[in-house]
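Working notes for the structure below.
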């Protein structure tokens with residue numbers, strides 16, 4: 001065994017230098033290079049997308065809102081004109097029932113449950129707040 005070590009002493013010294021000196025140095029440089037590349041990619045992405053990126057990401061949201069405002073909201077408002085409205089001032093619960101759906105909610109909340117074709121959905125009813133307030137006022141005057 002000692003003969004093997006003495007015969008290959010130079011090779012063993014070179015391997016030890018590579019493992020304990022050169023390899024850690026290369027790994028430090030590689031990690032630094034990777035960090036620099038990641039930072040350049042992030043800055044490049046921000047430069048490519050820039051401030052317009054957020055504006056462009058809002059366009060589908062605006063289109064969906066416009067679609068709902070122009071199609072769904074008028075259909076609901078037409079349906080509401082023939083609907084029955086009940087309000088309980090003690091619990092602040094209201095119920096709007098038409099031939100197609102039933103809407104149940106609380107006046108303090110922007111959310112309400114809509115029952116449509118035997119399925120219940122929770123939705124934001126902010127666009128109906130004026131209608132609900134008018135119906136509550138009308139019901140209060142008749143009582």
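In UniProt numbering, the protein residues as written are 1 to 143.
Built from N, CA and C at the ideal position, the CB exists for glycine as well.
Supposed close pair residue i, residue j - CB separation, criterion 8 angstroms
i, j, result
"residue 122", "residue 113", "6 angstroms"
Close-in-space but distant-in-sequence residues of the same chain around residue i (CB under 8 angstroms, 5 per side omitted)
i, result
"residue 13", "none"
"residue 25", "none"
Chain-order list of residues whose beta-carbon lies under 6 angstroms from that of residue i (same chain, five-residue window excluded)
i, result
"residue 135", "85"
"residue 119", "none"
"residue 116", "101"
"residue 2", "none"
Proximity of residue i and residue j at Cβ, strictly below 8 angstroms
i, j, result
"residue 91", "residue 104", "no"
"residue 100", "residue 77", "no"
"residue 124", "residue 111", "yes"
"residue 141", "residue 87", "no"
Backbone CA spacing between residue i and residue j [nearest angstrom]
i, j, result
"residue 73", "residue 106", "20 angstroms"
"residue 42", "residue 36", "10 angstroms"
"residue 98", "residue 75", "12 angstroms"
"residue 28", "residue 16", "18 angstroms"
"residue 70", "residue 137", "27 angstroms"
"residue 40", "residue 11", "41 angstroms"
"residue 144", "residue 66", "Any property of residue 144 remains undetermined from this structure, which presents the chain solely from 1 to 143."
"residue 62", "residue 126", "17 angstroms"
Exposure label - residue i; buried when at least 16 CB within 10 Å
i, result
"residue 19", "exposed"
"residue 132", "buried"
"residue 6", "exposed"
"residue 128", "buried"
Cutoff 7 angstroms; reference residue i; Cβ partners in own chain excluding five residues on either side
i, result
"residue 82", "98"
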